[in-house]
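Enquirer: For reference, the structure I am asking about is given below.
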Amino acid sequence: MSNSPLEDVRLQATSLGDLLLLAADRHPQRDAVIFPDQRCTYAALRDAALAKACSLQALGVGPGDHVGLLLPTGMEFIETLFAVALLGAVTVPVNARYMPPELAYVVENADLKVLLTTDRIADAVNFTQRLQAAFPDLEQQSDPRRLQLVGAPALHSLVLFGDSTAPGMLSSAQFDELSAQGSLDRLHLQRLQIRLGQTALILYTSGTTANPKGCMISHEAIVRNSMALADRYQLTGDDRFWSPLPLFHIAAILPLTAIFAKGGTYLTTGYFQAGEALQMMEREQVTATYPCFWTIMSDLVDHPDFDKTDLGRVRLMNANFAVQPPEIGKKMKKALPNAVFVGTFGMTETAGTVTTSRLDDSEQQRFTRLGTPLSGLEVRVMDPETGQPVAAGEQGEAWIRGYSTFTEYYKSPEKTAEALDEDGWFHSGDRVSIDQDGQLMFHGRMRDMLKVGGENVAAVEIETCLQQHPAVKLAQVVGIPDARLIEIPAAFIELEPGQQAEEAELIAFCQGKIAGFKLPRHVRFVGEWPVSSTKIQKFKLQEQLRAELGL
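Residues in the sequence shown are numbered from 558 upward in steps of one, following my numbering.
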C-alpha cells in the first residue's frame, strides 16, 4: 500500500557529504550540532570534516574504501561520518557496546581499511582495551600506518582520538598532522564523481544468524529518506531536533541528516541521562524530539525533574505510543501540551523510517498506529505461507519496496537473495497489519529475533555462545516481556549427560563474549523439549516461563 493521497514532495537528492556542504553554504553561522558542553556551526563542522577527509586521504583512503567508526556519540563521530562521505568512501559505524569477539568479526567481515576510535571512556567501555583483546597482535605492530593483523588482513591503520597513545595506533596529533598531506582539489574531484547509488554506509544489524549482517545503504537511500522524513514532519531551518540515540544506529543518523537537509540544529548527548536531557531540552528550546524507545521515554517521565521542566516549545515528538505502555502517552501529553506525537515503523535495511504519522492524522491514529509510508515507499502485508496479500486489518509479513531499501548484505549473497526478491521487494520478517485507513501497526517478528531495549538480537547468537560451555548440550533462547527493556533474553538449557551447571555460572560464562544487553537474564534447565513434528516449540517455553514469573 502506498500513500494516498500522495504528498507533494519534490526532493533534490544529493550525496551525504554534499548534504553538509549545502547546509554550510546556506547557513554557515547557524548551529549545526549541540552537545551539553559543546556546539558547532555548519561552517565549523564543514571545515573539520574536510580536514579529517584530508587526513584519511593521506592514509590512503579513497572512493569505495571502508572506514570503521568505533566511537561513542560525539562531535568526532559526526565530523568523521561526513569526512568519509566527502571522500566517496564507505562509513561502517561499529556498535560501541560490542565485546572483543564481536568487534573482531565486524572489523574482518567489513574489510575495514582504517578504523577510528577514542581513548575516551564511554559507558564504562575502554575501546583501546577492547581492541587489544580483539586483536592480540596489535601491541606488537611496529608501524601504525601499515598494520599486519592476523585477524584483520585488510586493516592498514588504526587511529586513536584523544590525548593518549597506544601501540599500533596513530595518535590524534599524528592523524591531524596528516591533513596537510591531503589534496582538497583531488578530494573535490572525487566528491563530484560520487553516484547516488554508491554505498555510503554499511550498518551491521543482527539477523537470524549468529553473526550480524552488513546492510549496504546508498547515498540516495539515506539522503532521500531523510528529506522525506523532514518533509513529513514539516521541519524547517528554525527547528532544533533532539535525539538521544547512539550515532552508530540508523535511528540516530536519520534524524541527524533529516534536520541537516533543512539547515536546522541537531541536539544530542554522548551518554543519555534523563536529568541532563531535560535540562538541555528546556535550555536549548528544543522543538522536535526523537526518543522512540521505551527505555528512554520511561527514564524521562519517571525523572523527578520531569514535571518541573518547561517543554512547551516542543511541537513534535516521535514517541511510538502504539507500542508503549498507555501511561507513557498520558504523562507525555500532559507535559508537552503543544506537541504532536507521532509513531514510526522502520529498520536498518530501509535506511530508517518506512512509515510514520502525518501531523494531521487524528490523535487516535497517532497514539495507536505507526503511520503511513513515506512518499516513494510501498508496503504490502503478505501471507508468509501463500505469498499473497492479506485483507486490511489482518496480520502478515511486511514487504517493502522503494528507493531506501538496502542494496545487499555485504559478502552475503545467500542472505541477500532470501531478503530481496526479483521485483525489488524486501521481505522484512516483521509481522504487521494495515487498517482501512492505510495505518500500519507492528505486531512482532516472524523470525527468531528479540528486541532488547531497542537493540536487535538474534537468539541463535546467544545460543551459540551458551553451547560453547562444556556442560551444555543444547540451548534455546526466547524473549520474555520486561517493563524497561521491552524484551529480555531467557535461556533454556539441556545439559550433557552427567554434567552439571548453575544459572549464574552460565550467565557469567557469556560475559565478555557477547554484549551485555544480549546476556540471558534467566536460565532454566529442561530434560525434555516441547516439539512439533520437526521443531522445538519456543512459544511453549515462553508460555512456561511467563507463567512461572507471573508475566
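In this text, a Cβ means the ideal position worked out from N, Cα and C, and glycines have one as well.
1. So Gly589 and Thr598 are in contact, right, with Cβ under 8 Å, and what is the actual spacing, rounded?
2. On a Cα-Cα basis, can you pick out the residue from Val936, Glu1044, Gln945 that is closest to Phe850?
3. Under 7 Å Cβ to Cβ from Gly820, same chain only, skipping five residues before and after it: list those, please.
4. So, using beta-carbon positions, are Met854 and Pro848 closer together than 8 Å?
5. Taking the C-alpha atoms as reference points, what is the distance between Ala600 and Ala787?
6. Distance, Cα to Cα, Asn560 vs Val651?
7. Along the chain, where does the alpha helix (DSSP H) containing Asn782 start, and where does it finish?
8. Which runs of the alpha helix (DSSP H), 4 residues or longer, sit entirely within the segment 877-910?
9. Assuming Gly574 and Phe639 are in contact, meaning their beta carbons sit under 8 Å apart, how far apart are those beta carbons, in whole angstroms?
10. I'd like the list of long-range same chain contacts for Pro1038, defined as Cβ closer than 7 Å, with 5 residues on each side in sequence excluded.
11. Tell me which residue opens and which closes the beta strand (DSSP E) that Lys1030 is part of.
12. Would you tell me roughly how many angstroms separate the C-alpha atoms of Gln791 and Thr907, rounded to the nearest one?
13. Taking buried to mean at least 16 other C-beta atoms within 10 Å of its own C-beta, is Thr943 buried or exposed?
14. Label Phe902 either buried or exposed according to how many other C-beta atoms from any shown protein chain fall within 10 Å of its C-beta, with 16 as the threshold for buried.
15. Suppose contacts are defined by Cβ-Cβ distances below 8 Å. Is Ser775 in contact with Thr964 by that definition?
16. Find the nearest neighbour of Leu644 within the set Ala1048, Leu802, Trp1086, Asp742, judged by alpha-carbon distance.
17. Here's the rule: buried if 16 or more other CB atoms are within 10 angstroms of the residue's CB, otherwise exposed. What is Val641?
18. For Pro1052, does the three-state DSSP call read helix, strand or coil?
19. How would you write the range of the alpha helix (DSSP H) that Ile853 sits in, first residue to last?
20. Just mark Pro562 as buried or exposed, buried being the case when its beta carbon has 16 or more other beta carbons within 10 Å.
21. Could you give the distance in angstroms between the alpha-carbon of Gly953 and the alpha-carbon of Leu873?
22. Could you tell me which residues DSSP puts in a beta bridge with Lys770?
23. Terminal residues of the continuous beta strand (DSSP E) containing Ala723?
24. Alpha carbon to alpha carbon, how far is Thr910 from Val843? Give it in angstroms, no decimals.
25. Work out the CA separation of Thr962 and Gly933 for me, nearest whole Å.
26. At 3 residues or longer, what runs of the beta strand (DSSP E) sit wholly inside the segment 961-996?
27. Can you tell me where the alpha helix (DSSP H) holding Ala1016 begins and where it ends?
28. Cutting at 7 Å between CB atoms, please list the residues of its own chain near Ile751, excluding the five before and the five after it.
29. Closer than 8 Å is the cut-off here; do at least three beta carbon pairs connect the segment 678-695 with the segment 727-738?
30. Keeping to the same chain, check which residues put their C-beta closer than 6 Å to that of Leu802; ignore five residues upstream and five downstream.
31. Of all the options Ala691, Val649, Gln1025, Leu1042, which has the alpha carbon lying nearest to the alpha carbon of Phe1066?
32. Please state the DSSP three-state secondary structure of Ala1104.
33. Can you name, in chain order, every residue of its own chain whose Cβ lies under 8 Å from the Cβ of Phe983, other than the five neighbours on each side?
34. Identify every residue that forms a DSSP beta bridge with Ala1047.
35. By how many angstroms is the C-alpha of Val1035 removed from the C-alpha of Pro620?
36. For chain D, check one thing: does any of its Cβ atoms lie closer than 8 Å to the Cβ of Leu977?
Expert: Considering the structure as presented:
1. Reading the sequence shown from its first residue, position 32 is the one you call residue 589. Reading the sequence shown from its first residue, position 41 is the one you call residue 598. What sits at residue 589 in the sequence shown is Ala, not Gly. Yes, they are in contact, since the Cβ atoms of Ala589 and Thr598 sit about 6 Å apart, within 8 Å.
2. Here residue 850 refers to the residue found at position 293 of the sequence shown. The shortest Cα separation from Phe850 among Val936, Glu1044, Gln945 belongs to Glu1044.
3. Numbered from 1 along the sequence shown, position 263 holds the residue referred to as residue 820. Within the same chain, Gly820 has close Cβ partners Ala580, Arg583, His584, Arg587, Gly794.
4. Here residue 854 refers to the residue found at position 297 when the sequence shown is read from its first residue. Here residue 848 refers to the residue found at position 291 when the sequence shown is read from its first residue. Closer than 8 Å, so yes.
5. Reading the sequence shown from its first residue, position 43 is the one you call residue 600. Reading the sequence shown from its first residue, position 230 is the one you call residue 787. Cα-Cα distance, rounded: 22 Å.
6. Counted from its first residue, the sequence shown places residue 560 at position 3. Counted from its first residue, the sequence shown places residue 651 at position 94. Because Asn560 sits at a pLDDT of 43, beneath the cut-off of 50, its placement in the model cannot be relied upon, and the following sentence gives the value as read from the coordinates. Spanning the two alpha carbons is a distance of roughly 34 Å.
7. Here the question's residue 782 lines up with position 225 in the sequence shown. It spans 776-789 - the alpha helix (DSSP H) in which Asn782 sits, taken as one unbroken run.
8. 883-892
9. In the sequence shown, counting from the first residue as 1, residue 574 sits at position 17. In the sequence shown, counting from the first residue as 1, residue 639 sits at position 82. The Cβ separation is near 6 Å, so the contact holds.
10. By one-based count along the sequence shown, residue 1038 stands at place 481. Excluding positions up to five away in sequence, the list reads Glu1044, Leu1108.
11. As a first step, residue 1030 is located in the sequence shown; it is residue number 473 there, counting from the start. Unbroken beta strand (DSSP E) run through Lys1030: 1029-1039.
12. For the purposes of this step, residue 791 is taken as the residue at position 234 of the sequence shown. For the purposes of this step, residue 907 is taken as the residue at position 350 of the sequence shown. Cα to Cα, Gln791 sits roughly 21 Å from Thr907.
13. In the sequence shown, counting from the first residue as 1, residue 943 sits at position 386. The residue in question, Thr943, is exposed, as its Cβ has fewer than 16 Cβ neighbours within 10 Å.
14. The residue you call residue 902 lines up with position 345 of the sequence shown. When all chains shown are included, Phe902 counts as buried.
15. Taking the sequence shown and counting its residues from 1, one reaches residue 775 at position 218. Taking the sequence shown and counting its residues from 1, one reaches residue 964 at position 407. Against a cut-off of 8 Å, the Cβ pair of Thr964 and Ser775 comes out as a contact.
16. Position 87 of the sequence shown, counted from the start, is the residue given in the question as residue 644. That would be Asp742, whose Cα lies nearest to the Cα of Leu644.
17. Translated into the one-based positions of the sequence shown, residue 641 becomes position 84. Its Cβ being crowded by 16 or more others within 10 Å, Val641 is buried.
18. Within the sequence shown, the letter at position 495 stands for residue 1052. According to the sequence shown, residue 1052 is Leu rather than Pro. Three-state DSSP puts Leu1052 in a strand.
19. Taking the sequence shown and counting its residues from 1, one reaches residue 853 at position 296. Its alpha helix (DSSP H) spans residues 851-859.
20. One-based indexing of the sequence shown puts residue 562 at position 5. Bear in mind that the predicted position of Pro562 carries a pLDDT of just 46, short of 50, making it unreliable; the figure below should be weighed with that in mind. Exposed is the call here.
21. For the purposes of this step, residue 953 is taken as the residue at position 396 of the sequence shown. For the purposes of this step, residue 873 is taken as the residue at position 316 of the sequence shown. Gly953 and Leu873: Cα-Cα distance of roughly 30 Å.
22. As a working mapping, residue 770 is identified with position 213 in the sequence shown. Lys770 is bridged to Thr762.
23. Position 166 of the sequence shown, counted from the first residue, corresponds to residue 723. Where Ala723 is concerned, there is no enclosing beta strand (DSSP E), given that its DSSP letter is neither H nor E.
24. In the sequence shown, counting from the first residue as 1, residue 843 sits at position 286. In the sequence shown, counting from the first residue as 1, residue 910 sits at position 353. Near 22 Å, if we compare the C-alpha coordinates of Thr910 and Val843.
25. On the sequence shown, position 376 is the one that residue 933 refers to. On the sequence shown, position 405 is the one that residue 962 refers to. If you take the alpha carbons of Gly933 and Thr962, they lie about 11 Å apart.
26. 983-991
27. Taking the first residue of the sequence shown as 1, we reach residue 1016 at position 459. Here the alpha helix (DSSP H) through Ala1016 covers 1016-1023.
28. For the purposes of this step, residue 751 is identified with residue 194 of the sequence shown, where counting begins at 1. Ser572, Gly645, His776, listed in sequence order.
29. no
30. As a first step, residue 802 is located in the sequence shown; it is residue number 245 there, counting from the start. Answer for Leu802: Ala808, Ala809, listed in chain order.
31. Position 509 of the sequence shown, counted from the first residue, corresponds to residue 1066. With distances taken between Cα atoms, Phe1066 lies closest to Gln1025.
32. Here the question's residue 1104 lines up with position 547 in the sequence shown. Correct three-state label for Ala1104: helix.
33. Position 426 of the sequence shown, counted from the start, is the residue given in the question as residue 983. Only Glu906, Thr907, Trp956, Ile957, Arg958, Thr962, Phe963, Ala976, Leu977 meet the Cβ criterion.
34. Residue mapping note: residue 1047 aligns to position 490 of the sequence shown, counting from 1. The partner list for Ala1047 (beta bridge, DSSP) reads Val1035, His1079.
35. As a working note, residue 620 is residue 63 in the sequence shown. As a working note, residue 1035 is residue 478 in the sequence shown. Distance between the alpha carbons of Pro620 and Val1035: 42 Å.
36. The question asks about chain D, but that chain is absent: this structure has only one protein chain.
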